[in-house]
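Visitor: Chains A and B are the protein sequences, given in the same order.
Numbered per the numbering used here, the first sequence spans residues 48 to 343.
Numbered per the numbering used here, the second sequence spans residues 61 to 299.
So that we are looking at the same thing, I have put the structure below in structure tokens.
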Amino acid sequence: MSDTPTHHWPKPTGSQAHRPVTTEFPGFRFGLIAVVVLFLALLLFAPLVAVFAEALSKGAIEAVKSLANPEASSAIKLTLIVAAVAVPLNAVFGIAAAWFITKYDFRGKALLITLIDLPFSVSPVVAGLCLVLTFGANTAVGGWMVAHGYPIVFALPSIILASMFVTFPFVARELIPVMIEQGKAEEEAALTLGASGWRIFFTVTLPNIRWALLYGVLLCNARAMGEFGAVAVVSGKIRGQTATMPITIEMLYNEYLSVSAFSLAAVLALLALLTLTLKTLLEWRFADQLAAAHRP
Amino acid sequence: MQIEIDQISKEFGATAALHPVSLSIPSGALVALLGPSGSGKTTLLRILGGLEFPTAGRVLFDASDATNLTVQDRRAGFVFQSYALFRHMTVFENIAYGLRARPRAGRPAKAEIARRVTKLLELIQLPDIGARYPSQLSGGQCQRVALARALAIEPRMLLLDEPFGALDARVRKELRAGLREIHDTTGLTTIFVTHDQDEAMELADLVVVMSMGRIEQIGRPQDIRARPATAFVKEFLAV
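And the structure:
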């Protein structure tokens, strides 16, 4: 620490003295920045602008009218319901998984971490087919549910299950590195001070992971609202009933109803932008706490 | 409180962190567990605090068996090596944590908690830092806050893991005197872990020298210095 000897290296001379060693030459730096800006403009910004331009191509009134039709409004409603159920459940499961992995040592931990990542590596379509095979009307569970008036596949439950499957890793993956870095010391300290497990979770663990949790939840939400592949398989794409926003957008697009398709797409993009704005606002509002939490 | 360690051993998988060790600590003593890293001293301290459970053997507090007592029920004030202060709480909230965590029946009223925290802040000679966050404190201040937080629960004993390890030499000297003073005023049985023989010899009434999961020698500092019991102790003290 403070008793480490201080070395006196010879000072650099000439023009190099003014340039920090980690900084590139101006020309190279400019080139790098230009590449990044061009890349962002082409891949992120231009498509976003195009969606809104196409949606508004026949005027704002036409766009709003297209959203008011029953098919579009039912899709918006369905997507919001799916996200409202899937995201909180995944937040709870994600916390539980991250807690289990980081606070306990057990055999097969590496396998469990790999399993959490499974939804990232499995194609959503395959995931959807697996759900149909597991919960379809001709399976034991699915048949029983249908008989009792609650079909799973081609209905809301399977859409929620598919969205949950696809978005499961987001919360856990955000939390695991943070919780590993923070270690168990604060929880142990709370234990020695006499706190119960639940009290420790709510007063020590949760406040320490709240930012990572928020990121995870927001990402999870954005992905849940936008999921197409898995939902396309399990929902049956019934208009006005099981067609979520991405599914409806595709159907409208295939029918050459471009204003309706792009208006709905614009709404979906707006929901995503709203998510990002919310995140930025919270970061800005709680900047002090964020900085405080990062130092030991 | 008198502490009796009776044939305690601890295995982590195939490796033995502690071979059966026995140790009797008189009430009110200030004891140092001294040894190089990997000697089992921290494991022994954590077993006393209830953060690890021994593979075999018993721990007795005032002659009653405490081996299976949960960490919450032991009421051991524990100061961690890296302090483990709650980073999202102010110093005041950190110190008040143990009191607020008590079951409602035994929980002091709000004003009483505030009074006790203020008193503890005075005891560690940092009366004005209650509103600050741990990230705004120096290492030495963090250490003292951790001590105050441990004392707040009115512990039956005080356990400190390398309490001065992460501090520079001047602050270390200061805090040693501080710990001695707090020990003398509270009269708590106090056990601290260290790898620094000067620290152990200067501060403790009783020094327990450990190596490879075994106790090499138990004695007063001057006796250990004068008559090292084993070749290891002799060599360790010569460094």
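All C-beta atoms in this analysis are idealised placements derived from N, C-alpha and C, irrespective of residue type, glycine included.
From a predicted model like this one, the values you see are computed outputs, not experimental measurements.
#1: Go through its chain and collect everything with a Cβ distance to ASP122(B)'s Cβ below 6 Å, but skip five positions before and after it.
#2: Cutting at 8 Å between CB atoms, please list the residues of its own chain near LEU201(B), excluding the five before and the five after it.
#3: Please list the residues of the region 142-159 of chain B that have a C-beta atom closer than 7 Å to any C-beta atom in chain A, keeping them in chain order.
#4: Evaluate contact between the region 260-275 of chain A and the region 210-219 of chain A, counting only Cβ atoms and requiring at least three cross-stretch pairs below 8 Å.
#5: Exposed or buried, what is THR295(A) when buried is set at 16 or more other beta-carbons lying within 10 Å of its beta-carbon?
#6: Quick one: does THR149(A) have its CB under 8 Å from some CB of chain B?
#7: Would you check if there are 3 or more beta carbon pairs closer than 8 Å linking the region 226-246 of chain A to the region 150-161 of chain B?
#8: Is the Cβ-Cβ distance between VAL98(A) and PHE309(A) less than 8 Å?
#9: Taking its Cβ as the centre, do 16 or more other Cβ atoms sit within 10 Å of ALA74(B), making it buried, or is it exposed?
#10: Return helix, strand or coil for HIS195(A), following the three-state DSSP convention.
#11: Compare the Cα-Cα distances from SER120(A) to each of THR252(A), LEU328(A), ARG286(A) and report the closest residue.
#12: Let's see if you can read the secondary structure: which residues bound the beta strand (DSSP E) around PHE72(B)?
#13: Between the Cα of ILE242(B) and those of ILE184(B), LEU78(B), PHE152(B), PHE146(B), spot the shortest distance and give me the residue it belongs to.
#14: List the endpoints of the continuous alpha helix (DSSP H) containing VAL281(A).
#15: When you check each C-beta in the region 219-241 of chain A against every C-beta of chain B, which residues fall closer than 8 Å?
#16: For ALA74(B), decide whether its Cβ has a neighbour in chain A, counting only Cβ atoms nearer than 8 Å.
#17: Assign SER205(A) to one of three DSSP states: helix, strand, or coil.
#18: Give a yes or no on whether the minimum CB-CB distance between ALA136(B) and chain A is below 8 Å.
#19: Quick check on this structure: which residue in GLY109(B), LYS294(B), GLY137(B) has the alpha carbon closest to the alpha carbon of THR130(B)?
#20: Output, in chain order, the set of chain B residues within a Cβ distance shorter than 9 Å of VAL179(A).
#21: State the start and end residues of the unbroken alpha helix (DSSP H) segment that holds PHE140(A).
#22: What is the DSSP secondary structure of ILE85(B), counted as helix, strand or coil?
Guide: Result, derived from the coordinates:
#1: Numbered from 1 along the second sequence, position 62 holds the residue referred to as residue 122(B). If we look at ASP122(B) and ignore the five residues flanking it on each side, its Cβ neighbours are MET61, GLN62.
#2: Residue numbering aside, residue 201(B) sits at position 141 when the second sequence is read from its first letter. The displayed chain sequence assigns Gln, not Leu, to residue 201(B). Only LEU186, ILE189 meet the Cβ criterion.
#3: SER142, ALA144, PHE146, ARG147, HIS148, TYR157, GLY158
#4: yes
#5: Position 248 of the first sequence, counting from 1, holds the residue named residue 295(A). THR295(A) is buried by the Cβ-count criterion.
#6: The residue given as residue 149(A) occupies position 102 in the first sequence. No, no contact with chain B.
#7: yes
#8: Within the first sequence, numbered from 1, the residue matching residue 98(A) stands at position 51. Within the first sequence, numbered from 1, the residue matching residue 309(A) stands at position 262. Yes, the Cβ-Cβ distance between VAL98(A) and PHE309(A) is below 8 Å.
#9: By 1-based counting over the second sequence, the position of residue 74(B) is 14. The residue in question, ALA74(B), is exposed, as its Cβ has fewer than 16 Cβ neighbours within 10 Å.
#10: By one-based count along the first sequence, residue 195(A) stands at place 148. Three-state result, HIS195(A): coil.
#11: If you number the first sequence from 1, residue 120(A) lands on position 73. When only C-alpha atoms are compared, the closest one is ARG286(A).
#12: Walking along the second sequence from the start, residue 72(B) turns up at place 12. Where PHE72(B) is concerned, the enclosing beta strand (DSSP E) stretches over 63-72.
#13: By 1-based counting over the second sequence, the position of residue 242(B) is 182. The option with the nearest alpha carbon to ILE242(B) is ILE184(B).
#14: What you label residue 281(A) is simply residue 234 of the first sequence in a count that begins at 1. 276-282 is the extent of the alpha helix (DSSP H) around VAL281(A).
#15: ALA232, GLU233, GLU235, ALA236, ALA237, LEU238, THR239, LEU240, GLY241
#16: As a working note, residue 74(B) is residue 14 in the second sequence. Cβ-Cβ to chain A under 8 Å: no for ALA74(B).
#17: For the purposes of this step, residue 205(A) is taken as the residue at position 158 of the first sequence. In this structure, SER205(A) counts as helix in the three-state DSSP scheme.
#18: In the second sequence, residue 136(B) corresponds to position 76, counting from 1. At least one chain A Cβ lies under 8 Å of ALA136(B).
#19: Residue mapping note: residue 130(B) aligns to position 70 of the second sequence, counting from 1. That would be GLY109(B), whose Cα lies nearest to the Cα of THR130(B).
#20: Position 132 of the first sequence holds residue 179(A). Neighbours of VAL179(A) on chain B: none; closest Cβ ~44 Å, over 9 Å.
#21: Position 93 of the first sequence, counted from the start, is the residue given in the question as residue 140(A). From DSSP, the alpha helix (DSSP H) with PHE140(A) extends over 117-150.
#22: Numbered from 1 along the second sequence, position 25 holds the residue referred to as residue 85(B). Strand at ILE85(B).
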